[in-house]
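Q:
2 protein chains.
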Amino acid sequence: MDEIQLDERKGSILKAVIDTYLKTGEPVGSRTISKFSDLHVSSATIRNEMVDLEEMGLLTQPHTSAGRIPTDLGYRYYVDHLIMEREQESREHELLIQKVDRMEVLMQQLAKLLAQNTQYTAMIAGPHLGKKLKYVQLSQAEPGKLMVVVVVEGNLIRNFMLPESEDLTPEELLGLNIMINSTLNGLSISEINLGVINELKNQAGKYRDVMEDVLSVIGEAIRSEEGEQPVFTSGATNIFKYPELSDGEKASGILTALEEQEQLVTALSTAVNTEKANGISVYIGSENRIESMKDCSLVTANYDFGEGMIGTIGVIGPKRMDYEKVVATLMGLIEQLNKMYH
Amino acid sequence: MDEIQLDERKGSILKAVIDTYLKTGEPVGSRTISKFSDLHVSSATIRNEMVDLEEMGLLTQPHTSAGRIPTDLGYRYYVDHLIMEREQESREHELLIQKVDRMEVLMQQLAKLLAQNTQYTAMIAGPHLGKKLKYVQLSQAEPGKLMVVVVVEGNLIRNFMLPESEDLTPEELLGLNIMINSTLNGLSISEINLGVINELKNQAGKYRDVMEDVLSVIGEAIRSEEGEQPVFTSGATNIFKYPELSDGEKASGILTALEEQEQLVTALSTAVNTEKANGISVYIGSENRIESMKDCSLVTANYDFGEGMIGTIGVIGPKRMDYEKVVATLMGLIEQLNKMYH
DNA sequence: TGTTAGCACTCATTCAAATAGAGTGCTAAC
DNA sequence: GTTAGCACTCTATTTGAATGAGTGCTAACA
Chain A
27 MDEIQLDERK GSILKAVIDT YLKTGEPVGS RTISKFSDLH VSSATIRNEM
77 VDLEEMGLLT QPHTSAGRIP TDLGYRYYVD HLIMEREQES REHELLIQKV
127 DRMEVLMQQL AKLLAQNTQY TAMIAGPHLG KKLKYVQLSQ AEPGKLMVVV
177 VVEGNLIRNF MLPESEDLTP EELLGLNIMI NSTLNGLSIS EINLGVINEL
227 KNQAGKYRDV MEDVLSVIGE AIRSEEGEQP VFTSGATNIF KYPELSDGEK
277 ASGILTALEE QEQLVTALST AVNTEKANGI SVYIGSENRI ESMKDCSLVT
327 ANYDFGEGMI GTIGVIGPKR MDYEKVVATL MGLIEQLNKM YH
Chain B
27 MDEIQLDERK GSILKAVIDT YLKTGEPVGS RTISKFSDLH VSSATIRNEM
77 VDLEEMGLLT QPHTSAGRIP TDLGYRYYVD HLIMEREQES REHELLIQKV
127 DRMEVLMQQL AKLLAQNTQY TAMIAGPHLG KKLKYVQLSQ AEPGKLMVVV
177 VVEGNLIRNF MLPESEDLTP EELLGLNIMI NSTLNGLSIS EINLGVINEL
227 KNQAGKYRDV MEDVLSVIGE AIRSEEGEQP VFTSGATNIF KYPELSDGEK
277 ASGILTALEE QEQLVTALST AVNTEKANGI SVYIGSENRI ESMKDCSLVT
327 ANYDFGEGMI GTIGVIGPKR MDYEKVVATL MGLIEQLNKM YH
């Protein structure tokens, strides 16, 4: 791809056009730029420059006698070259993250926080893990029912009830627990193969039946965790704040995509590839994978909760989103998470 | 309130008007009714009757020279008197409910099922419980970290890690577990008072510190469960299928309301009061509590998972929703749940 | 007394034409 | 290289006329 380089004045004009367009959402005319930018030149000069910018594919006109709006490429140049980093500012008011026990609650909270702060739509994908088994606990919750608690990496907990099982004494349970944990802890699903399983069954002796039930339950727990990758969203209705997205057709498409978890996962997880220096990726318009989001931009960042729990958090908004603010907010959030969980 | 009673022909006309309007969403003229209903009278006669129905407040005209549309009162009469029960039919194709371990998964699944079947928006409120403590399990997940698993009624599970705790032997843990469970099991939060707490602390002896941590964690678990009453929705974007709801303003309002959990809880929980014989409630237009849903209707039913876990499930759609189908679907769903969980 | 045909009237919707206004491209002068 | 000026283009808004669905009312009819 050709590297586009603009001289200083063209850069200023492009930035002025985009900055104005971000605020108004209306095509920007040469007169406006001439009056409100700090390079004191007439509208005619601006027009000449604009023609050049249009030829370079950075600006476009919705119709002949209208002002200019940025193309996807224009936004791209803006994001890559013209945005001032303003990290300092955003750090002043820290986002209030509460420490919680359940991952889902934390994720939902983060999404809400992000949506409220940016006034766009936030989404967050749960960590995609190798999912190692961390701990298994058998216990007799009530007579006739054996409870199996399976703790997977990242404190994702699953629990199952085995009904109609024979009652075991606390001592018997303790023995089984130790047996299971000493063999299985730290193994991922692929490592729990037939060999390990048979060994456990043999060790179990007279508890062989129970052990079989328990093993199948563990398998189910890990497998289902591997399969689903939860995505949480918040502030979906913020898109109605932006007229260019809020007409029936588009809004419907976007909201439907937000409801379809699988699509989101795709959109977010491809985000890992094209990355900027600060770990933040920006996808503008047609750079998005999801068809119905081609009028949107997506800004993503990867978070790290430790224990290999790496996931993606992102903001979806109109192409004319306040990229500076969103990037700054995301960076602040990530940094804060790092402080809390390391 | 006056009891409205219609003679047979007026009833037929009202039903014909509403049935037609349900399908088209357009005002219904006298000619249409005259042609397509089975009471063979001229449009003029229909018009005369319509004037009466309008005077009674059951129909209205959007403007002078348009056909009639039902008022909220008209829908009310329709729902109360004119709907044929068609329970049989819907039972043929049973909804496919999978049995799952986690309540949230089940609820989400039910909502999705309901939304897909009705093509409206489904919502379901989690059971509002006394929340009794069912089981507590202490264990040493890894060195230096004590894991507390708290099982609340309905298999709602919370887990907490107590970091930096002293290591305990399996025997010590067993002792503590038995101590805690024999004292606390089956108590609700209001029953775990200072007396019980002190008794436990004293029993704990040298483990007093650990016990204190554990108790505070248990308290937190139950309290947070009591506070939050999760609501799941599905098919929110279905409202875009109905033009009268899908223009920007309204759609935004409705979707926002759907995102705000508290509002939904209000809407659903007031549903318990005004109940029809079959356990299903219908709220039409302004009968809804939520301002932004005054153009919608809400049909709710109460479900019962056993163990006192009673909650509400509902369908939101345009006022011209297919009440018969929705009511039948809901009844089928409830019945099926009863079969599965009793 | 209830039903029907006929007709004048109302009002939303649609379409085309006229108008206003924003903004450009181009040229010529500075 | 910059600027003023002007013709030109195209959208958005307004206006008015035509269309048509549907009503209300009256008078005739069974």
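Just so you know, the sequences run in chain order A and B.
For the first sequence, position 147 (counting from the first letter as 1) is numbered 173 according to the numbering used here, and the numbering increases by one without interruption.
For the second sequence, position 288 (counting from the first letter as 1) is numbered 314 according to the numbering used here, and the numbering increases by one without interruption.
Quick reminder that beta carbons are idealized off the backbone N, C-alpha and C, glycines included.
Just how far apart, CA to CA, sit A/T403 and A/L140?
A: Because chain A is modelled from 27 through 368, residue 403 of chain A falls outside the range shown and cannot be assessed.
Q: Under the three-state reduction of DSSP, which class applies to B/K171: helix, strand or coil?
A: strand
Q: Can the beta-carbon of B/I59 be found less than 8 Å from the beta-carbon of B/E350?
A: no
Q: Okay, do the region 226 to 238 of chain A and the region 262 to 278 of chain A touch, 3+ Cβ pairs below 8 Å being the bar?
A: Too few Cβ pairs lie closer than 8 Å, so no.
Q: List the endpoints of the continuous alpha helix (DSSP H) containing A/V131.
A: 129 to 144
Q: Where do the N-terminal and C-terminal ends of the alpha helix (DSSP H) with B/M76 fall, by residue?
A: 69 to 81
Q: DSSP puts A/N328 in a beta bridge; with which residues?
A: Under DSSP, A/N328 shares a beta bridge with A/T338.
Q: Considering only residues of the same chain and omitting the five flanking positions on each side of B/R57, which have a CB-CB separation below 6 Å?
A: S69
Q: Just to confirm my understanding: we take A/V353, look at its own chain, exclude 5 residues before and 5 after, and list those with CB closer than 6 Å. What are they?
A: I306
Q: Does the contact criterion of 3 or more C-beta pairs under 8 Å hold for the region 270 to 287 of chain A versus the region 199 to 214 of chain A?
A: no
Q: So which residues of chain B does A/G274 contact, with C-beta pairs closer than 9 Å?
A: F266, P269, S272, D273, G274, A277
Q: A/N74 to A/V67, Cα distance in whole Å?
A: Just so you know, the alpha carbons of A/N74 and A/V67 end up roughly 11 Å apart.
Q: Look up A/L281 in the DSSP assignment and say whether it is helix, strand or coil.
A: helix
Q: When DSSP builds the beta bridges, which residues end up paired with B/R184?
A: Looking at the DSSP assignment, B/R184 forms a beta bridge with B/V176.
Q: Check each residue of the region 139 to 170 of chain B: if its Cβ is closer than 8 Å to any Cβ of chain A, include it; give the result in chain order.
A: K160, Y161, Q163, S165, A167, E168
Q: Answer yes or no: do B/F331 and B/A137 have a C-beta to C-beta separation smaller than 8 Å?
A: no
Q: Hey, would you say A/V176 sits closer than 8 Å to A/I223, going by beta carbons?
A: no
Q: By alpha-carbon positions, which one of B/P88, B/E81, B/D33 ends up nearest to B/G51?
A: B/P88
Q: Let's test the definition: count the other Cβ atoms within 10 Å of the Cβ of B/P196 and tell me whether it reaches 16, buried, or not, exposed.
A: exposed
Q: In whole angstroms, what is the alpha-carbon distance linking B/E246 and B/V236?
A: 16 Å
Q: For B/M82, which residues in the same chain have their Cβ closer than 7 Å to its Cβ, ignoring the five residues on either side in sequence?
A: I30
Q: Let me see if you follow: with CB-CB separation under 8 Å, is B/P256 close to chain A or not?
A: no
Q: Taking the alpha carbon of A/V341 as the reference point, which residue from A/R184, A/A151, A/P169, A/G221 has its own alpha carbon closest?
A: A/A151
Q: What are the residues of the region 307 to 329 of chain B that lie near chain A, defined by any Cβ-Cβ distance shorter than 9 Å?
A: none
Q: Let me check one thing: in DSSP terms, what residues is A/R94 bridge-paired to?
A: A/V54
Q: Within its chain, find whatever has a CB closer than 7 Å to the CB of B/K320; leave out the 5 residues flanking it on each side and keep chain order.
A: Short of 7 Å from the beta carbon of B/K320, and not among the five residues preceding or following it, lie these beta carbons of its own chain, in chain order: G311, S312, N314.
Q: Tell me, please, whether the CB atom of A/V298 is closer than 8 Å to any CB atom in chain B?
A: Confidence in A/V298 is poor, its pLDDT being 48 and thus under 50, which makes the residue's placement too unreliable to answer from.
Q: With a threshold of 8 Å between beta-carbons, can B/V236 be considered close to chain A, or not?
A: no
Q: Would DSSP call A/P269 helix, strand or coil?
A: helix
Q: B/A283: which of B/H107, B/T86, B/K49, B/T147 sits nearest, CA to CA?
A: B/T147
Q: Could you tell me whether the Cβ atoms of B/R346 and B/L84 are closer together than 8 Å?
A: no
Q: So, are the CB atoms of A/L99 and A/L40 less than 8 Å apart?
A: no
Q: Out of B/A167, B/D106, B/A293, point me to the one whose CA is closest to B/G337's CA.
A: B/A293
Q: Which residue marks the beginning of the beta strand (DSSP E) containing A/V308, and which one marks its end?
A: 306 to 310
Q: Select from B/P189, B/M129, B/N203 the residue whose C-alpha is nearest the C-alpha of A/R184.
A: B/M129
Q: Of all Cβ atoms in chain B, is any one closer than 8 Å to the Cβ of A/T282?
A: It does: the Cβ of A/T282 has a partner Cβ on chain B nearer than 8 Å.
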